[in-house]
Amino acid sequence: MRLIVPLQGVVQGRGGLFVGSLIPCCLFYFLQLYLKRRRSPPPPPPPPDSDSSSELPRTSSRSSLFTRGNSIGRVRVSSRAAPLAKPPDSPYYIGLERVKTDPYDRVTNRDGIIQLGLAESTLCFDLLQRWMSENLMDSLMMQSDGSGFDVSTIAMYQPFEGLLEAFADFMSRIMGGNVSFDPSNMVITAGGTPAVEVLAFCLADHGNAFLIPSPYYPGFDRDIKFRTGIELIPVHCRSSDNFTVTVSALEQALNQARKRGSKVSGILFSNPSNPVGNILSRETLHAILSFAQEKNIHVISDEIFAGSVYGVDKEFVSMAEVVAASASGDFDKSRVHIIYGLSKDLSLPGFRTGVIYSFHEDVVSAAKKLMRFSSMPVPVQRILISLLSDTRFIEEYMAAHRQRIRDKHFLFVEGLKQLGIPCAESGGGLYCWVDMSSLLTSYSEKGELELFEKLLSVAKINATPGTACYCIEPGWFRCCFTALADEDIPVIMERIKLLAEPSTS
Amino acid sequence: MGSLMKGGGVSGAILSRIATNDQHGENSEYFDGWKAYDKDPFHLSRNPHGIIQMGLAENQLCLDLIKDWIKENPKASVCTPEGVHQFSDIANFQDYHGLREFRQAIAHFMGKARGGRVTFDPERIVMSGGATGANETIMFCLADPGDVFLVPSPYYAAFDRDLRWRTGVEIVPVHCSSSNNFKLNVEAVEWAYKKALESNKNVKGLLFTNPSNPLGTILDKDTLMNIVRFVTRKNIHLVVDEIYAATVFAGENFVSVAEVVKDLGDSEVNADLIHIVYSLSKDMGLPGFRVGIVYSYNDLVVSCARKMSSFGLVSSQTQLMLASMLSDDQFVDNFLMESSRRLGIRHDALTLGLKKAGITCLISTAGLFVWMDLRHLLRNRNSFKSEIELWHIIINKVKLNVSPGSSFQCTEPGWFRVCFANMDDDTLHVALRRIQDFMSKNSNKVAEKASNNDQIIQNNNAKKQKWKQSNLRLSFRRLYEDGLSSPGIMSPHSPLLRT
């Protein structure tokens, strides 16, 4: 404890010196003691046994005098690391872990847990694989002037010429072709996760907050809050609006935040949204932008599912398009930032490709420097330039990708409809937002978590419950269907039926 | 557009402190050399009078071996007809634990790079975005904003950014001086620790690079053991950045802190305090692959770092290729041996050439650079301003980009780091010739400036170093003439080391 002694009374030597300085001193010490107790609760004692699946197997364990739990010098780690001693408590992560213990396999493990909690697509791997085998060896190994294999071009650390241009062109195509992207506004990162974090580091200080329409992607809690110390304030959306955010809800959330003393730096939202899958209309985007302009905050549009749009009557509009279409005096476009990546649209999460697109040149400049901590490896840059510049293949791929998602979505939603389970209206993403409230034993968060557990242990399905996504209406679950084969869907429906039957009797 | 709006009255939404402060360090004057190089880069045929880059610590000496391996092993890449069947598993793989084969291969390689004297547990291997990401991640795991890490100086210039920028951690240097060849000892660490505590700083740990950047020296086992004992007594963390582990080309074997942890008893070392940062960027010359590794003996730190690795995962197809490459024992053994050999030859060529120009370097047995002593050329021996002046002369007149000691927080002016592994032999010869020409033109000036005392000290040092160097070279050459093919280049049992 810091011992700071207020010396004022002593120094000035006034009468009643002893009492005059003693009482403030005592009060001061007690205040510090109180503050210290409040500020740093003692770190939780680590679990005594290590057989929960989320912990690492302890291999070369050293039972020394100094191990945790014993008296001499407990090792202090940072306050970020300490809470991680406990296993994760979000159902999002719990579900993912459980699938690992007993994963479903069509052939070898028909009773395993089917994964519906991970938004990934395997629907078009055949196309990608074929492209890779036909095109890649040359582009990876040869020099651009065809002079033969020079490994230093992939081993050395340098950004590749042409990657930003190829990416900008690709983004423009993916987002409907109605707006062009300027390569000088782009920063390429090693994945969508670091893109979101780097942007957060640039736009807000520790303790600031972002408004985020909920339900929202559970991964944002870790991506944004973990190391930056930025808060996420959910702005609740309702099923009556099909979970679309309204300006009045944003206004209310902002005012409440200000009353609490939180400084809101921006609004973050996904479009197509995750977990609901709806596509925000041009009007909504415009309204959000006006709101941000009025309140002088940033707008971050996570458009990572932009190319995974399957709704026939819905048109995806990028925030970049809204900015471009509005008159130049209306908005300060330097407050608009877009996140993108190839993990969803091109099904390449393993390659680690993310993009920050910002209209603010200082953000671009700062993000480029921060990129040192998560930069894209050079061999991947090489592959991507080839891939993204093959416009004929990209057109073919995107058409197939959309069609296959559409077909799978239809099958899945139909199957659920047969069971009397409705889904929210959605036009994009790799998942659907399913209303399982009819299966709840009690219409509450508790009931929903019970259903989540039943789904995992009885029906052997991992779906992400709305609680993990901060949804205020119980009973909603996100089910990702793009890694399923057609024959898996009846299996899933059968299993859900198991749960439906007892609750109707 | 942005700058118009940012300060521009009411309309600009403000950016964060991190985005707007200078902690990234890229505005520092030390980038002058880089900027000059970018404007006028040397090329043997196309631009023979350009500036030669000697400020980049990269290892390009063994890329031919890697190229041959890649060509001979098409199955290792998902981007070849032979390997593409693995594509669907790899393209979708983003588990932050990393491919098991990759972790096993890295653990195996790390052991080999340390002569097989210690083994590493694949379960403790955590990925990060290059060593840059690894150092930052370990800071995030161990320290809170405002906490302090002691770092012996001179230290790698980018630590100021990597350890501090987003983490808010402070660095307190532990100054080492030329009086004992910049060797780190426990007393210096103790003293710095005490001083930091006296100024009410919360010291969380000690971090240093071993083999050292920019010195190229390695820490002897006794000192390392004493340091480990010290951190255990004080209950503070120890992070050792061993990124240059396999760049040892002469002298004693490299002793990893892992070896010390193994050898010391439980009562002397609390392994929960020991962490290692590693990467393939220097030992294997693959900085472009962005492979950073955090290895910790502390389960909680491993768990935390693993979750943070999402911010800088190694791309899965890189993991696959490296898993294959690094498990190829024959390739790795040959690579490590060749790399050491070539580094040694290159190092000797540089130091010999410098000696001909009357310039001595700190004796070093590892790393991709030498720590050059130009104190006798300073106009004013105690002034960093003189060092910067001299540096500008080197950039603009001698046309070399070297790195001034002050950029490494060195407390004595006049030292410069010169890299030698990022160029081919011809370029090195051009560089040496330029130095020799410059020195012979200016040697009379040097004679005037140096006092008699200085001269005598210099001569003595030169003699001592010559003796040491020739001894080293002798043992080194003999090793090769005898055709030793052990992977650990300096086998601890070799009688030749005794010479």
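Top to bottom, those sequences are chains G and S.
Each residue of the first sequence is one higher than the one before, counting from 1 in UniProt numbering.
Each residue of the second sequence is one higher than the one before, counting from 1 in UniProt numbering.
The beta carbon of each residue, even a glycine, is placed where N, CA and C say it ideally should be.
Item                                                                                                                                                                  : Value
Could you work out which residue in G/Arg76, G/Cys25 and G/Asp486 is closest to S/Asn298 when comparing CA atoms only?                                                : G/Arg76
Answer with yes or no whether the minimum CB distance from S/Asn27 to chain G is below 8 Å.                                                                           : no
Helix, strand or coil for S/Phe149? Go by DSSP, reduced to three states.                                                                                              : strand
For G/Ser389, I'd like the list of residues in its chain whose CB is within less than 6 Å of its CB, leaving aside the five on either flank, ordered along the chain. : Ala166
Just curious, the alpha helix (DSSP H) that G/Phe393 is in, first and last residue?                                                                                   : Thr391 to Gln418
For a quick check, are the C-beta atoms of S/Val172 and S/Leu150 less than 8 Å apart?                                                                                 : yes
Give the C-beta separation of G/Thr193 and S/Phe289 to the nearest angstrom, bearing in mind that I take them to be a contact with Cβ-Cβ under 8 Å.                   : So it is not a contact: roughly 19 Å between Cβ atoms.
Assign S/Gln330 to buried or exposed, taking buried as 16 or more other Cβ atoms, counted over all protein chains shown, within 10 Å of its Cβ.                       : exposed
Give me the chain G residues within the contact set of S/Arg166, using Cβ-Cβ distance strictly less than 9 Å, ordered along the chain.                                : Phe201, Arg227, Thr228, Leu370 and Phe373
Is DSSP giving G/Cys479 helix, strand or coil here?                                                                                                                   : strand
Go ahead and pull the three-state DSSP assignment for S/Trp34.                                                                                                        : helix
Measuring alpha carbon to alpha carbon, tell me which of G/His409, G/Pro83 and G/Glu396 ends up nearest G/Phe226.                                                     : G/Pro83
Within 8 Å, do at least three Cβ pairs link the segment 40-58 of chain S to the segment 67-84 of chain S?                                                             : no
For S/Cys62 and chain G, any beta-carbon pair shorter than 8 Å?                                                                                                       : no
Would you call the segment 374-383 of chain S and the segment 408-421 of chain S in contact, with 3 or more CB pairs under 8 Å?                                       : yes
Quick check on S/Trp69: does DSSP put it in helix, strand or coil?                                                                                                    : helix
Helix, strand or coil: which one does DSSP assign to S/Ser16?                                                                                                         : coil
Tell me G/Val235's beta-bridge partners as DSSP assigns them.                                                                                                         : G/Pro213
Between S/Ile90 and chain G, is the shortest Cβ-Cβ distance under 8 Å, so that the two count as touching?                                                             : yes
Cα separation between G/Leu116 and G/Thr228?                                                                                                                          : 30 Å
Indicate the three-state DSSP secondary structure (helix, strand or coil) for G/Lys368 in the structure shown.                                                        : helix
Output, in chain order, the set of chain S residues within a Cβ distance shorter than 9 Å of G/Leu123.                                                                : Within 9 Å Cβ-Cβ: nothing; G/Leu123 doesn't reach chain S, min ~11 Å.
How about G/Glu197 and G/Ile233: do their beta carbons lie closer than 8 Å?                                                                                           : no
Using a Cβ-Cβ distance under 8 Å, would S/Asn180 count as near chain G?                                                                                               : no
Contact defined as beta carbons within less than 8 Å: I believe S/Ile227 pairs with S/Tyr278. What is the distance between those atoms, to the nearest angstrom?      : The pair is not a contact, with the Cβ atoms about 18 Å apart (cut-off 8 Å).
Out of S/Pro122, S/Leu197, S/Asp22 and S/Glu29, which has the shortest C-alpha to C-alpha gap to S/Phe408?                                                            : S/Glu29
At 9 Å on the CB atoms, spell out the chain G contacts of S/His24, in chain order.                                                                                    : Ala366, Lys369, Leu370 and Arg372
Using 8 Å as the limit for Cβ to Cβ distance, is G/Gln129 near chain S?                                                                                               : yes
On a Cα-Cα basis, can you pick out the residue from S/Gly292, S/Met308, S/Leu336 and S/Arg341 that is closest to S/Gln319?                                            : S/Gly292
Strictly below 8 Å CB to CB, what residues from chain G border S/Glu136?                                                                                              : Phe373
Quick test of the definition: if touching needs 3 or more C-beta pairs under 8 Å, does the segment 158-166 of chain S touch the segment 184-194 of chain S?           : no
Using a Cβ-Cβ cutoff of less than 8 Å, which residues in the same chain neighbour S/Val248 once the five nearest sequence positions on both sides are dropped?        : Pro211, Ile218, Phe254, Ser340, Thr365, Ala366, Ile489 and Met490
Taking any Cβ of chain S, which residues in the segment 204-224 of chain G have a Cβ under 9 Å from it, in chain order?                                               : Ala204, Asp205, His206, Asn208, Gly219, Arg222 and Asp223
What are the boundary residues of the beta strand (DSSP E) that includes S/Met127?                                                                                    : Ile125 to Gly129
DSSP state of G/Ile489, grouped into three classes?                                                                                                                   : helix
Determine the chain S residues that contact G/Ala253 at a beta-carbon separation under 8 Å, and present them in chain order.                                          : Chain S residues near G/Ala253: none, gap ~17 Å exceeds 8 Å.
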